[in-house]
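Residue numbers (UniProt numbering): 1 to 103. Inspection log for the structure reproduced underneath, given as structure tokens.
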């Protein structure tokens, strides 16, 4: 899923910045990566529970569930405050717009 890849890329960037700034230890890199994937997926899809369940199932442990819940809901609410729409709903509206133009 491209959304998970984009979340992973953002997680890599954030984790590297935090490691170089000595905010976190390098051993937490995978945790930041997974949490970032869940947060990005939950915000873009506007489905935080789906993101949390999907990533928890993918990693196979519940060790990161609480931080994942917190960060995913923060990302969800920030996108909501900024007026973001779920990506698939927005794409559907754009497709209908182009169909109406072609007629």
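Cβ atoms here follow ideal geometry from the backbone N, Cα and C, with glycine treated the same way.
Does DSSP classify residue i as helix, strand or coil?
| i | result |
| --- | --- |
| residue 56 | helix |
| residue 61 | coil |
| residue 67 | helix |
| residue 36 | helix |
| residue 47 | coil |
| residue 93 | helix |
| residue 86 | coil |
Alpha carbons only, please: which of the options is nearest the one belonging to residue i?
| i | options | result |
| --- | --- | --- |
| residue 57 | 37, 87, 91, 79 | 37 |
| residue 72 | 82, 60, 93, 50 | 50 |
| residue 77 | 59, 92, 48 | 48 |
| residue 34 | 92, 53, 88 | 53 |
| residue 70 | 32, 88, 61, 90 | 32 |
| residue 10 | 93, 75, 90, 84 | 75 |
Can you give the beta carbon distance from residue i to residue j, rounded, assuming they're within the 8 angstroms contact cut?
| i | j | result |
| --- | --- | --- |
| residue 79 | residue 43 | 4 angstroms |
| residue 26 | residue 19 | 5 angstroms |
Ordered along the chain, which non-local residues of its own chain (more than five positions away) have a Cβ less than 6 angstroms from that of residue i?
| i | result |
| --- | --- |
| residue 46 | 86 |
Given residue i, which residues of its chain have a CB within under 7 angstroms of its CB, disregarding the five upstream and five downstream residues?
| i | result |
| --- | --- |
| residue 6 | 40 |
| residue 16 | none |
Practice item. State whether the stretch 85-99 contacts the stretch 62-77, with contact taken as three or more CB pairs (one from each stretch) at a distance under 8 angstroms. Key: no
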